[in-house]
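Visitor: In the working numbering, the protein residues as written are 20 to 217.
First the structure, then my questions, so here it is.
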């Protein structure tokens, strides 16, 4: 028995080479049976056609939208800041002492608004005393109640009691208060108290 020869392999062809003298027709026949897919020069898909102007439109829309949102944001934040400042100012104003308004309440003068008038957001108080011709004014005891409620010094109260019509308007101040007063028998004692914030 004879051992058949093993055909040699030809590099790159994928077809074994016959070293035993096979003719070229056999080799071509063998090669024709092997199907090697041919790679055709297929055209790569072309990118979509660029539309001119489209990036500019999106850019312009983005710019306008950014400006509008920026303006709205600025107005909104500015309004919130101003509202916060106004609220803080109102709260600070509410916390400020109001000694003249407190004195009016303590001495129950709310019903005597004609003769006891608060002004300047509670920083001034006018007291119209009773006189011979002005019977609707406040009694001296009502005026004294207010003077004591705002801690008018005793020496000022004594000066007020001894004021004559010829003396004209008198003035005095202490701590955060100032007072001016005048007296005439016909109109009575008229007092203006003023509180100055520190």
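The C-beta atom is built at its ideal place from N, Cα and C for all residues, glycine as well.
Check each candidate in 116, 216, 154 and name the one with the smallest Cα separation from residue 208.
Guide: 154
Visitor: Three-state secondary structure (DSSP) at residue 92?
Guide: helix
Visitor: List the DSSP bridge partners of residue 212.
Guide: DSSP output for residue 212 lists 144, 198 as bridge partner(s).
Visitor: Assuming residue 150 and residue 119 are in contact, meaning their beta carbons sit under 8 Å apart, how far apart are those beta carbons, in whole angstroms?
Guide: Rounded, the Cβ-Cβ distance is 23 Å, inconsistent with contact.
Visitor: Can you tell me whether residue 162 is buried or exposed? The criterion is at least 16 other CB atoms within 10 Å of its CB, across all chains shown.
Guide: By the neighbour-count definition (other C-beta atoms within 10 Å, threshold 16), residue 162 is a buried residue.
Visitor: Classify residue 100 as buried or exposed, calling it buried when 16 or more other Cβ atoms lie within 10 Å of its own Cβ.
Guide: Exposed is the call here.
Visitor: Would you mind stating whether residue 182 and residue 195 have Cβ atoms separated by less than 8 Å?
Guide: no
Visitor: Check residue 134 in the structure and name its three-state DSSP category.
Guide: coil
Visitor: Going by Cα to Cα distance, which pick from 204, 143, 202, 197 is closest to residue 218?
Guide: The structure shown has nothing for residue 218, since the chain only spans 20 to 217.
Visitor: On the three-state DSSP scale, how would you describe residue 191?
Guide: strand
Visitor: Flag this pair as yes or no: are the beta carbons of residue 135 and residue 123 separated by less than 8 Å?
Guide: For residue 135 and residue 123, yes; Cβs fall inside 8 Å.
Visitor: Compute the Euclidean distance between the alpha carbons of residue 108 and residue 145, then round it to the nearest angstrom.
Guide: 27 Å
Visitor: Taking DSSP as the reference, what is the three-state secondary structure of residue 82?
Guide: helix
Visitor: With a Cβ-Cβ cutoff of 8 Å, do residue 189 and residue 197 count as a contact?
Guide: The answer is no: Cβ separation not under 8 Å.
Visitor: So which of 201, 137, 205 has the shortest CA-CA distance to residue 213?
Guide: 137
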